[in-house]
Amino acid sequence: MLRTRVLAALAGVAVTIPLATVAQAAGPALVDDPAAHVNPFIGTTNLGNTYPGAVRPFGMLAWSPQTSRGTQISTPAPGGYQYTATRIRGLSLTHLSGVGCSGANGDIPIMPQAGDVTTSPTADTTDKVYASTFSHANEAAEPGYYRVGLDSGAGAELTVTDRSGIGQFTFPADKSASLLFRTSMSETGSENATVHIDPETRTVTGSVSAGNFCGPQSTDNSHAYYTLHFVAKLDQPFASVGTWTDATLAPGSTDAQGGSGYSSAGRPNAGKGSGGYVTFAPGTTAVTMRVAISYTDLAGAERNLAAESPASLNFAKVRAKAREAWNDRLRKIRIGGGTADQLATFYTALYHSSLEPTLTSDADGRYYGADDQIHRVKRPQKAQYGTFSGWDVYRAQVQLLAMLDRRQASDYAQSLFNYATQRNGEWDRWLLQHGKTAVMSGDPAAAAIAAMYAFGARDFDARGALNSLVHAATVATENDYSDKGCNVECFGQRPSLNEYIKNGYVPADDCHCWGGAAETLEDAAADYGIAQLAFALGDHKTYKTFLARSHNWRNVYDPSAKADPGLEHNIREHITAITASGENPPGEGKAQAFDGDKGTKWLTFATTGWVAAKLDVPLTVANYALTSGNDEPERDPADWRLQGSADGTAWTTIDEQTGQAFEKRGQTKGYAVASPAPFSYYRLDVTKNGGTDIVQLGELELADPAVPTPAPIDSPYVGWMRDRYLDGTWAEGFSPSTQTGFVEGSSAQYTWMVYSDVVTLAQKMGGNDAAIERLDAFFRNPDGTFDLSAKKLTRFDATNEPDIQTPYLYNYFGAAYKTQETVKAIIDTKWSNGTGGIPGNDDAGTMSAWYVLSALGLYPTVPTRAELALTTPLFPRAEVRLGSGRKLVIDAPGTETSHYVQGLRVDGRPTTKAWLPARAVTDGGHLVYALGAVPSLTWGSGPKDVPPQD
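As numbered in the numbering used here, residues 383 to 1332 make up the sequence shown, in order.
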C-alpha cells in the first residue's frame, strides 16, 4: 500500500532537464594526489579488521602493528590492529586486510625495546613487559608509510617496497636500546620458527612456519600453510645479543628454534616459542634496519633485499617511491568534486581494494607452489600472487581489479590456475598465500576466473583453466565426500558433487558442506561462470551444459515456503527477563532461545546448561517444544528437565526427557507436561548433550492454552530458498530467517542470490510488482524508512556478501529509481571517514570494491558478466583509466543535491537503459547524467531497459 501511494504522488510530477545543456557544463577539477586523501585508519573498528601499516599495492611485505589487550595468544582484531587497543607488542611484516575468523599472518613481529631484556619475551604471556602502550596522538599513517611513538620512549617509522622495508627506530638516550625479533609469534601462532644472529655482519635472519587460518573455528586448519623467510640488516653494531626458547632466555646465544604450536582450541600455546634480540651500545638513539622476506628460502629473501633496497635508496626515497606507487594505482580513478570526507572514504576504499591478492613470487620470479616445490613464473606471466578470499572477492573485487589492470588480473588468474594444477586440479575457495584452507563454501574460483576474463584479463591460459574447472565440476573426488573441516572449512571443492549433478541440488542430509541450500546457490553461480567463460572461448557444448546447470537454484526455491507459525498459545510475549548458565552473544545469546525465530539459536560453551524465563504473570505451561540448532547434531540436548518456580530459586521438575535425538537441523519436537501448574518462572535444564563441548538450541516454545497465539515474528511472504533432503522433501522448521542450510546469512538474504536468473526469480515470486514489494520489505520498515541495521535476519545485511548485489535488482524489475535511493542510503549511512567507516569485515577489499563501484554508479550485478548496472554517481565527475588504456568518463552535475536519474547520454546518444554494455569496461566511453530531485518512473524502468540475464 505504501508503494502505491508513493507512486501515485510521483506520477503527477513532470521534470524536464535539457540534456544538451548538462553535457556542455564544465566539471570540477580532478584529484591529482589521491594518496593525500587516504585514511588508513578507516575500518580499524566496527569489525572492519583493516590495518594501518606501510604497504605497497598488493605488496608481499606489509609492515604494521600487532596490538594487544593483554593476552599473547590472540590479537584484538584479525589483521592485527584495532584502534581501541592501545598496546603494541610488535611490528609484523605480513598482514591480511579485512578478514574474519581469528586472522592469520602477522609474521615476524619486530619490537623496539627501551630497557633491558632480562626474561624471555615468550614468557610475557600478558604482554606487560615487552609490549608498550601508545597514544594515537603519536601515530600517523599514509599509503606506504607508518609512524608510532611508544610510551616506553621507543619509536618507529616504517616504509616499504614490494618485498622489503626500511625501519627507522628511535630510543631514549637513558635506556638500553634493543630490537626483539619475535619470530614464532605470528598472529595465530606457528608450527616452527628459527632465528640466527650474525653480529659481524649486523644481520638477523630466520623463518616462521605459520598459518592456522580459522583454526579456532575448526582445528583441522591448525597447521602451517607456508614458511616465511626473512633477512634484516642493521646500520649499528650489536653490543650484545641473545635468544629465547619458551621461558628460557639465553644471553649471548645467536640461534634459537621453536614454534608456539597449537592448543586443542586452535589457539597458539601461551608461553611457547622462540626469538632473538640485539642490543645496541649505550646511548644509541637511532637505528635503521633494512628487511626483506620470501616464501621460497633465505636466498630469496636476500636477493629481494638486494634488488629492492640497495644502499643508494635511503628511507626518504623509498617512502617517496611507495607514495608514487600508490598514486599510480589510485589515479586510475580520478574524482572531481565531493566533500573532503567523501574523497577520503572513496580513495581509502580504492586503497583497501588494492591490498590483496598479495605478491608471492620473488624478484627473480621464483615462488613456492601448492605442491611444496619451488617454481618460476613463465611468460607472459610476470608475477605470482597468493591469498584468495574467493567466497568474498568473486562478487566485486576481482571485477574492479581486472577493469583497472588487466595485466595484473591475468597474472592473478594464472596464479590460481598454477596452484590448482600443482594440487592435482583442485581449486581452493580460500588460499592463504599458496596454502589450501577450504574456508567458506561454494566453488568461487570458477566465478572469479570467469569474471576476470569478462572484465578484460586475457593474458593467461584461459582454456587450460576452463578445462580444469570443468573437470573439477564434473568428476567427484574423495575430498568432495569428506567431512574434514566441516562446517566452516569443508575440504571438498564441490561437496556432494554426484548428488548435485544427479538431482540438481546439494542435499541437506550428509552434504559434506556448510549448508546444502547455500552450496547449491554458490555452485549454480560457479556453473554460470563456467558457462560464460566457455561461451567466450567458443566452447558452445560446455556453455549449454553449464548454463542449464546454473538453473539449479530453482531446485532449492520452495514456492510454498513460509514462516513456521510455531507452537500455538506460545507465552513468549509474557517473558520479561531471560537468564542462562552461559551464552554466546550477540548472535547466539540467551534471548534467541525465546525469540520466536527458529532460524536463530542459543548456545553455551559447555556440555550442560540451562536457560530460564521470568513471566509477567504466573502461567500454566501444558506443552512445549524444542527446535534443534543449525550446527552439529552432537550439540543438541539429549537429556533435560523442564522446571517451574514461583520465585526463581526453588525449582519443581514438571517434565523430564532422556535419550532424545534430533535427526535433522531445524527439527521441532513437541512434548506434553504431565501435571501442569502455574509458575512465574520456567527453566530448561539440559543435563546431557550429544557429546561435544557446546550446547545449542534453536528455540524453546512454552504454551499455555489460555494464552492467545502471538502473531509470527517473521516475514509474511511465501516462496523462499530452502534446504532440501536427498529424497526431495524440504527441511523442517523453516522460517525466512533460518540460517539452517546457509552460510553466514539467512534464507531471506540468500533468496536474492540468483545472479544470472533474477528475472525468473521475480516471476516465481508473482511478477515484478511482487518482487519489488518484497525488496522494499527487505530494505525498509513498514513506514518506508530504511532499516540497514542488519539486526533482523529478514533484512538486508550490508556487512556480508550474499546479498550485496540486491540494491541493484530494482533495475531488473522496472524500478530503477529505487536502486538509486537504496544505494545512496547505504553509502550515506554505512560508510564514513572514521575508524568505523566500513560496515563490518572488509573481506580482502570486497566491501571496499562495492563502495568504489557504487560511488561511480556502476556495479557488476551478475559477477561473471561485464555488463554494469547503473545508479546515480556519488561525485559530479569521475575519470576511470581502464586496463585497456582507454577512459570511462562520468559526468553527473548536481549529484550533490539531486540524486534521481532523469536521463543519460552515452557518447552523446540518449539512452533509457539502466546498464552499460560489456564493451564499456574495455572501450570506455562518456556518460553524462541529467539528475533531478524527484524520481523518474520511466528512466531505466521499461521492459527493454533491463540488464541482460541468462
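Don't be surprised by glycine CBs; every beta carbon is placed ideally from N, CA and C.
Spatial neighbours of VAL852 in its chain, beta-carbon cut-off 7 angstroms, leaving aside the 5 residues before and after
By one-based count along the sequence shown, residue 852 stands at place 470. ILE912 and THR924.
Between the Cα of ALA962 and those of TRP992, THR982 and LEU949, spot the shortest distance and give me the residue it belongs to.
As a working mapping, residue 962 is identified with position 580 in the sequence shown. For the residues TRP992, THR982 and LEU949, the minimum Cα distance to ALA962 belongs to TRP992.
Whole angstroms are fine: how far does the CA of HIS956 sit from the CA of ALA752?
In the sequence shown, counting from the first residue as 1, residue 752 sits at position 370. In the sequence shown, counting from the first residue as 1, residue 956 sits at position 574. Between the alpha carbons of ALA752 and HIS956 lies a gap of roughly 58 angstroms.
Helix, strand or coil: how does DSSP classify ALA1315 here?
Counted from its first residue, the sequence shown places residue 1315 at position 933. DSSP places ALA1315 in coil when its eight states are reduced to three.
Going by DSSP, which residues form a beta bridge with PRO1019?
Walking along the sequence shown from the start, residue 1019 turns up at place 637. Paired residues: ASN1071.
Determine, using beta carbons only, whether ASN431 and SER546 come nearer to each other than 8 angstroms.
Reading the sequence shown from its first residue, position 49 is the one you call residue 431. Reading the sequence shown from its first residue, position 164 is the one you call residue 546. Taking 8 angstroms as the Cβ cut-off, ASN431 and SER546 do not qualify as a contacting pair.
Report yes or no: do the stretch 564 to 572 and the stretch 649 to 658 share at least 3 C-beta pairs separated by less than 8 angstroms?
These segments touch.
Which listed residue (THR989, GLY964 and LEU1008) has its alpha carbon closest to that of ASP977:
By 1-based counting over the sequence shown, the position of residue 977 is 595. Nearest C-alpha to ASP977: LEU1008.
Any idea what DSSP makes of THR1111, helix, strand or coil?
Working through the sequence shown from its first residue, we reach residue 1111 at position 729. Residue state, collapsed to three classes: coil.
Distance between ASP905 and SER932 (C-alpha atoms, nearest Å):
Along the sequence shown, read from residue 1 onward, the residue named residue 932 stands at position 550. Along the sequence shown, read from residue 1 onward, the residue named residue 905 stands at position 523. So the two alpha carbons sit approximately 8 angstroms from each other.
Rounded C-alpha distance that separates THR336 from LEU443
The first residue shown for the chain is 383 and the last is 1332, placing residue 336 beyond what the model contains.
Would you give the residue range spanned by the beta strand (DSSP E) that GLN1078 belongs to?
Along the sequence shown, read from residue 1 onward, the residue named residue 1078 stands at position 696. In the DSSP assignment, GLN1078 falls within the beta strand (DSSP E) that extends over 1077 to 1079.
So, does the stretch 1286 to 1293 touch the stretch 1166 to 1180, judging by three or more C-beta pairs under 8 angstroms?
Judged by pairs of C-beta atoms under 8 angstroms, the stretch 1286 to 1293 does not touch the stretch 1166 to 1180, as fewer than three such pairs exist.
Of the residues ASP793, GLN790, ALA791 and ALA829, which one's Cα is nearest the Cα of TRP809?
Taking the first residue of the sequence shown as position 1, residue 809 is located at position 427. Cα-wise, what sits closest to TRP809 is ALA829.
Using the beta-carbon count (16 or more within 10 Å), is ARG1301 buried or exposed?
Here the question's residue 1301 lines up with position 919 in the sequence shown. Result: exposed.
Going by other Cβ atoms of all chains shown within 10 Å of its Cβ, with 16 needed for buried, is GLN454 buried or exposed?
Walking along the sequence shown from the start, residue 454 turns up at place 72. Buried, because 16 or more other Cβ atoms sit within 10 Å of the Cβ of GLN454.
Between MET785 and the rest of its own chain, which residues show a CB-CB distance below 7 angstroms, the 5 nearest in sequence each way excluded?
In the sequence shown, the residue the question calls residue 785 occupies position 403. The answer, listed in chain order, is PHE837, GLY838, LEU1264, GLY1265 and VAL1303.
Is it the case that the Cβ atoms of GLY640 and ASN574 are separated by a distance below 8 angstroms?
Here residue 640 refers to the residue found at position 258 of the sequence shown. Here residue 574 refers to the residue found at position 192 of the sequence shown. Their beta carbons are under 8 angstroms apart, which means GLY640 touches ASN574 by this criterion.
Assuming ASP892 contacts ARG1104 (C-beta within less than 8 angstroms), just tell me the rounded distance between them.
For the purposes of this step, residue 892 is identified with residue 510 of the sequence shown, where counting begins at 1. For the purposes of this step, residue 1104 is identified with residue 722 of the sequence shown, where counting begins at 1. Cβ-Cβ separation between ASP892 and ARG1104: approximately 17 angstroms, too far for a contact (criterion under 8 angstroms).
Which of helix, strand or coil DSSP assigns to HIS419
Stepping through the sequence shown from its first residue, residue 419 is reached at position 37. In the structure shown, HIS419 sits in a helix (DSSP, three-state: H, G or I).
Which complete alpha helix (DSSP H) runs does the stretch 636 to 691 hold, if anything under 4 residues is left out?
Runs of the alpha helix (DSSP H) inside the stretch 636 to 691: 680 to 690.
Cutting at 7 angstroms between CB atoms, please list the residues of its own chain near ASN793, excluding the five before and the five after it.
On the sequence shown, position 411 is the one that residue 793 refers to. One point to set straight first is that residue 793 is Asp, not Asn, in the sequence displayed. Cβ within range, chain order: GLN763, LYS764, ALA765 and TYR767.
Can you name the start and end residues of the beta strand (DSSP E) that ALA795 belongs to?
Counted from its first residue, the sequence shown places residue 795 at position 413. Taken as a continuous stretch (DSSP letters only), ALA795 belongs to no beta strand (DSSP E), being part of the alpha helix (DSSP H) at 788 to 804.
For SER1057 and ILE960, I'd like the C-alpha separation in whole angstroms.
Working through the sequence shown from its first residue, we reach residue 1057 at position 675. Working through the sequence shown from its first residue, we reach residue 960 at position 578. So the two alpha carbons sit approximately 24 angstroms from each other.
Taking only three categories from DSSP, how would you classify PHE612?
In the sequence shown, counting from the first residue as 1, residue 612 sits at position 230. If DSSP states are grouped into helix, strand and coil, PHE612 belongs with the strands.
Can you tell me whether LYS818 is buried or exposed, with buried defined as 16 or more other CB within 10 angstroms of its CB?
Counted from its first residue, the sequence shown places residue 818 at position 436. Of the residues assessed, LYS818 falls on the buried side of the cut-off, its CB having 16 or more other CB atoms within 10 angstroms.
Is it the case that the stretch 1012 to 1028 contacts the stretch 1037 to 1048, given that we only count it when at least three CB pairs across the two stretches are under 8 angstroms?
Put simply, the stretch 1037 to 1048 touches the stretch 1012 to 1028. At least three CB pairs are less than 8 angstroms apart.
Alpha carbon of PRO1060 to alpha carbon of CYS868, nearest angstrom
Stepping through the sequence shown from its first residue, residue 1060 is reached at position 678. Stepping through the sequence shown from its first residue, residue 868 is reached at position 486. Using only the alpha carbons, I get a separation of about 44 angstroms.
Bridge partner(s) assigned by DSSP for ILE579:
Position 197 of the sequence shown holds residue 579. ILE579 is bridged to VAL586.
If you check the beta carbons only, do TYR1132 and ALA890 fall under 8 angstroms apart?
If you number the sequence shown from 1, residue 1132 lands on position 750. If you number the sequence shown from 1, residue 890 lands on position 508. The Cβ atoms of TYR1132 and ALA890 do not sit closer than 8 angstroms to each other.
What runs of the beta strand (DSSP E), each 3 residues or longer, lie entirely inside the stretch 507 to 541?
For the stretch 507 to 541, whole beta strand (DSSP E) runs of length 3 or above, ordered along the chain, are 514 to 524 and 527 to 532.
Around the Cβ of ARG845, are there at least 16 other Cβ atoms within 10 angstroms (buried) or fewer (exposed)?
For this step, residue 845 is matched to residue 463 along the sequence shown. In the assembly as shown, ARG845 is an exposed residue. Its beta-carbon has fewer than 16 other beta-carbons within 10 Å.
In its own chain, which residues sit with a C-beta less than 6 angstroms from the C-beta of ALA1260, not counting the 5 before and 5 after it?
In the sequence shown, counting from the first residue as 1, residue 1260 sits at position 878. Result list for ALA1260: ILE717, LEU1238 and ILE1272, in chain order.
Give a yes or no on whether the C-beta atoms belonging to THR504 and ASP628 are separated by under 8 angstroms.
Here residue 504 corresponds to residue number 122 of the sequence shown, with the count starting at 1. Here residue 628 corresponds to residue number 246 of the sequence shown, with the count starting at 1. With contacts defined as CB atoms closer than 8 angstroms, THR504 and ASP628 qualify as a contacting pair.
Residues near SER736 in its chain [Cβ-Cβ closer than 6 angstroms; skip 5 each side]:
As a position in the sequence shown, residue 736 is number 354, starting the count at 1. Counting only Cβ-Cβ distances below 6 angstroms, and skipping sequence neighbours, we find PRO439 and ARG711.
Looking at ALA693: is its Cβ nearer than 8 angstroms to the Cβ of GLU569?
Reading the sequence shown from its first residue, position 311 is the one you call residue 693. Reading the sequence shown from its first residue, position 187 is the one you call residue 569. Note that the C-beta distance between ALA693 and GLU569 is not below 8 angstroms.
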